[in-house]
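Q:
Numbering (the UniProt record's numbering), first residue to last: 1 to 552.
(1) Based on DSSP bridge pairs, tell me the residues matched to residue 512.
(2) What's the gap between the Cα of residue 428 and the Cα of residue 299?
(3) Put residue 463 into one of helix, strand or coil per three-state DSSP.
(4) Just grab the DSSP bridge partners of residue 204 for me.
(5) Using a 10 Å radius around the Cβ and a threshold of 16 neighbouring Cβ atoms, would you call residue 2 buried or exposed?
(6) Within a Cβ cutoff of 7 Å, which residues of the same chain sit near residue 210, ignoring the five residues on either side of it in sequence?
(7) Out of 523, 540, 542 and 506, state which residue places its alpha-carbon closest to the alpha-carbon of residue 182.
(8) Just confirm the distance between the C-beta atoms of residue 213 and residue 247, as a whole number of angstroms; I'd bet it's less than 8 Å.
(9) If residue 480 and residue 292 are in contact, beta carbons under 8 Å, what's the gap, nearest whole angstrom?
(10) What residue from 271, 546 and 542 has the CA that sits closest to residue 517's CA?
(11) I'd like the ranges of any beta strand (DSSP E) spanning at least 3 consecutive residues and lying wholly in the stretch 145 to 181.
(12) Give the single residue among 167, 160, 164 and 191 whose Cα lies nearest to the Cα of residue 175.
(13) Please report the residue range of the alpha helix (DSSP H) in which residue 189 lies.
(14) Helix, strand or coil: which one does DSSP assign to residue 539?
(15) Buried or exposed: where does residue 96 fall if 16 or more other Cβ atoms within 10 Å of its Cβ makes it buried?
(16) Specify whether the stretch 87 to 101 and the stretch 42 to 51 touch according to this definition: at least 3 beta carbon pairs, one from each stretch, less than 8 Å apart.
(17) Thinking just about the alpha-carbon of each residue, which of 198, 472, 442 and 173 is nearest to the one in residue 40?
(18) Mapping the DSSP letters down to three states, classify residue 565 as helix, strand or coil.
(19) If you measure between the beta carbons of residue 309 and residue 533, is that distance less than 8 Å?
(20) Please classify residue 62: is it buried, with 16 or more other beta-carbons within 10 angstroms of its beta-carbon, or exposed?
(21) Are the Cβ atoms of residue 520 and residue 278 separated by less than 8 Å?
(22) When the distance is taken between beta carbons, is residue 138 closer than 8 Å to residue 184?
(23) Three-state secondary structure (DSSP) at residue 115?
(24) Starting from the C-beta of residue 151, find all residues in its chain whose C-beta is less than 6 Å away, skip the five residues before and the five after it, and write them out in chain order.
(25) Give the range of the beta strand (DSSP E) segment to which residue 321 is assigned.
(26) Indicate whether at least one CB of chain C lies closer than 8 Å to the CB of residue 241.
(27) Would you grab the beta carbon distance between residue 398 and residue 451 for me? Rounded to a whole angstrom, and I think it's under 8 Å.
(28) So, under 8 Å CB-CB, residue 420 and residue 257 are touching, yes? Tell me the CB distance rounded to an integer number of Å.
(29) With residue 461 and residue 509 assumed to form a contact (beta carbons below 8 Å), what rounded beta-carbon distance in angstroms separates them?
(30) Taking residue 240 as the reference, which of 539, 436, 5 and 400 has the closest Cα?
(31) How far does the beta strand (DSSP E) with residue 572 in it reach, from first residue to last?
(32) Between the alpha carbons of residue 215 and residue 431, how many angstroms are there, rounded?
(33) DSSP beta-bridge partners for residue 222?
(34) What does a CB cutoff of less than 6 Å around residue 232 pick up in its chain, not counting 5 residues either side in sequence?
(35) Near residue 53, what residues of its chain come up, given a Cβ to Cβ distance below 6 Å and the 5 sequence neighbours on each side ignored?
(36) Let me know the secondary structure DSSP gives residue 437 once reduced to three states.
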């Protein structure tokens, strides 16, 4: 184990190297660069194909913009410039695009292996240990013409929905630096929100794509887990499979990513080589929706985004039916129990972090106090589950996971016949720095769809508005949810976490959920929802516009 002095030396060395790399970025020139950074990935390819732009021109704009964002963990600027020149030379000779992402600058979450570069996930122990081979997904993107130019920051070990670690520091929300950008794909989301990348790649095992996507006001798809390869990614735990997907600034770019990557094989044969299959939606869709996960009271703005989405869909002639989500608590309990099966020896836990470190009798006493005197059955149950399990207990938990999936289909999909589900991403629109440890039960709203392995799209809907999103004066903590302690901290006291005035302008999105393997249908429904909502200040160039509005 390294000493504190050795760790600090590594941190200083890596940050100095990052600062040096930033020196290779040209200044951002508004008149020259805006056209490139305000274009979608799809448009970039089209403009290069028409010989209006070159890969090198596009890359320089995104390098300059990314250097302003400070969301990165590693820079590949020189390698990226070399690749852009190669693509330009090839195209000048052949007039043929290398692939569907020809010349598109791509950012990649830090947990993906890239040959010659670290994949530290914020751990000094993994610093100065460059990858020997590209992750399978990275190799597939390069083969499609993508230019990988930065790796983005993550929380240490990636088990948190904010973005800070001792090695690279903290990445803040681009709309308000007092709040987190989310996690664990937080660096990706922040960079894209600031137009510092054309499109990016992240992973999701409990909401790690969806939460930062909503916090930062961009688009994403969490595919069915086996649609995209995990080979060459820092491993997590296998009881709940990790999904890999795009973070983007348009539905169209998410769709282009999936058309390009779906169906590609990997060396481990773990993913399903199911090619992208376009779907034709019926003219009238049937959506289910709910305003709460039944565990924690949803904030007014997070209810509003669901209701505004439902209203927009109804105006387009689609059917929207409210229902109760019945299995979120069961899914959260199984997730916590599975994730803690080894006592967190392999990874640190963002859910009830203290739990496994306490002696059994102390943990039981804490559970009894929480349930008896604080009236908080949720905290008590999750705390008690965070412990090491026997092999038999682990097997029973995997059976419970499968039973939840079967019950979800029987009680929701089969019963109601929904095409898709509209749901809040979390009970809060965003959280302050350093708060995910005690707000971790909020992740239940996203975890349910990892347990049942549903594809989920995230669409930005609106922004926090202090005039419309105030908490009702008759709110009682624990009345409609199951966590009196957490709801009191979130909504009451002198400094409640939910503060619409402090959060003003922060984006809020919704989850659009589909059935397992119906990823293409979810993408098609994302187009429907996005078009129904209409223009609302999201997409390429939106962050710059907000900067202008703030200055005026």
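Just so you know, even glycine gets a beta-carbon here, dropped at the ideal spot from N, CA and C.
A: Well, looking at it:
(1) Taking the first residue of the chain shown as 1, we reach residue 512 at position 512. DSSP lists 422 and 457 as partners of residue 512.
(2) For this step, residue 428 is matched to residue 428 along the chain shown. For this step, residue 299 is matched to residue 299 along the chain shown. So the alpha carbons of these two residues sit roughly 6 Å apart.
(3) Walking along the chain shown from the start, residue 463 turns up at place 463. Reduced to three states, the DSSP call for residue 463 is strand.
(4) For this step, residue 204 is matched to residue 204 along the chain shown. Residue 204 pairs with 243.
(5) To locate residue 2, count along the chain shown from 1; it is residue 2. By the 16-neighbour rule on beta-carbons within 10 angstroms, residue 2 is exposed.
(6) Counting from 1 along the chain shown, the entry for residue 210 is found at position 210. Closer than 7 Å at Cβ, skipping near neighbours: 204, 220, 222, 425, 446, 456, 458 and 511.
(7) Stepping through the chain shown from its first residue, residue 182 is reached at position 182. When only C-alpha atoms are compared, the closest one is 506.
(8) In the chain shown, the residue the question calls residue 213 occupies position 213. In the chain shown, the residue the question calls residue 247 occupies position 247. With 8 Å as the limit, residue 213 and residue 247 qualify as a contact, their Cβ atoms being about 6 Å apart.
(9) Counted from its first residue, the chain shown places residue 480 at position 480. Counted from its first residue, the chain shown places residue 292 at position 292. So it is a contact: roughly 7 Å between Cβ atoms.
(10) The sequence position of residue 517 within the chain shown is 517, counting from 1. Nearest neighbour of residue 517 by Cα position, chosen from 271, 546 and 542, turns out to be 271.
(11) 147 to 152 and 176 to 180
(12) The count along the chain shown starts at 1 and reaches residue 175 at position 175. Of the candidates 167, 160, 164 and 191, the one whose C-alpha sits nearest the C-alpha of residue 175 is 191.
(13) For the purposes of this step, residue 189 is taken as residue 189 along the chain shown, with counting starting at 1. Note, residue 189: alpha helix (DSSP H), 186 to 193.
(14) One-based indexing of the chain shown puts residue 539 at position 539. The answer is coil: DSSP assigns residue 539 none of H, G, I, E or B.
(15) Numbered from 1 along the chain shown, position 96 holds the residue referred to as residue 96. Answer is exposed; the Cβ neighbour count stays below 16.
(16) yes
(17) On the chain shown, position 40 is the one that residue 40 refers to. Residue 40 has its Cα closest to that of 198, out of 198, 472, 442 and 173.
(18) Nothing can be reported for residue 565: it is not among the residues displayed for the chain, which extend from 1 to 552.
(19) Taking the chain shown and counting its residues from 1, the one referred to as residue 309 is at position 309. Taking the chain shown and counting its residues from 1, the one referred to as residue 533 is at position 533. Going by C-beta atoms, residue 309 is nearer than 8 Å to residue 533.
(20) Residue mapping note: residue 62 aligns to position 62 of the chain shown, counting from 1. Per the 10 Å Cβ criterion, buried.
(21) For the purposes of this step, residue 520 is identified with residue 520 of the chain shown, where counting begins at 1. For the purposes of this step, residue 278 is identified with residue 278 of the chain shown, where counting begins at 1. Yes, these two residues count as a Cβ contact at 8 Å.
(22) The residue given as residue 184 occupies position 184 in the chain shown. The residue given as residue 138 occupies position 138 in the chain shown. In this structure, residue 184 lies away from residue 138, with their beta-carbon atoms at least 8 Å apart.
(23) Taking the chain shown and counting its residues from 1, the one referred to as residue 115 is at position 115. In the displayed model, residue 115 falls within a strand according to three-state DSSP.
(24) Start at 1 with the first residue of the chain shown, and residue 151 comes out as number 151. Here the set comprises 73, 74, 108 and 110.
(25) Taking the chain shown and counting its residues from 1, one reaches residue 321 at position 321. Counting along the chain, the beta strand (DSSP E) containing residue 321 begins and ends at 319 to 322.
(26) Going by chain labels, chain C is absent from the structure shown, which holds only one protein chain.
(27) Reading the chain shown from its first residue, position 398 is the one you call residue 398. Reading the chain shown from its first residue, position 451 is the one you call residue 451. Between residue 451 and residue 398 the Cβ distance is about 11 Å, and since that is not below 8 Å, they are no contact.
(28) Residue numbering aside, residue 420 sits at position 420 when the chain shown is read from its first letter. Residue numbering aside, residue 257 sits at position 257 when the chain shown is read from its first letter. Incorrect: roughly 20 Å between the Cβ atoms, too far for contact.
(29) Reading the chain shown from its first residue, position 461 is the one you call residue 461. Reading the chain shown from its first residue, position 509 is the one you call residue 509. Yes, they are in contact, since the Cβ atoms of residue 461 and residue 509 sit about 6 Å apart, within 8 Å.
(30) Against the chain shown, residue 240 aligns to sequence position 240. Among 539, 436, 5 and 400, the Cα nearest to that of residue 240 is on 400.
(31) Past the edges of the chain, shown from 1 to 552, lies residue 572, and the structure says nothing about it.
(32) Locating residue 215 in the chain shown gives position 215, counting from the first residue. Locating residue 431 in the chain shown gives position 431, counting from the first residue. One C-alpha to the other measures close to 9 Å.
(33) Taking the chain shown and counting its residues from 1, the one referred to as residue 222 is at position 222. Answer is 456, bridged to residue 222.
(34) Residue mapping note: residue 232 aligns to position 232 of the chain shown, counting from 1. If we look at residue 232 and ignore the five residues flanking it on each side, its Cβ neighbours are 113, 135 and 136.
(35) As a first step, residue 53 is located in the chain shown; it is residue number 53 there, counting from the start. Here the set comprises 47.
(36) Position 437 of the chain shown, counting from 1, holds the residue named residue 437. Coil, per DSSP.
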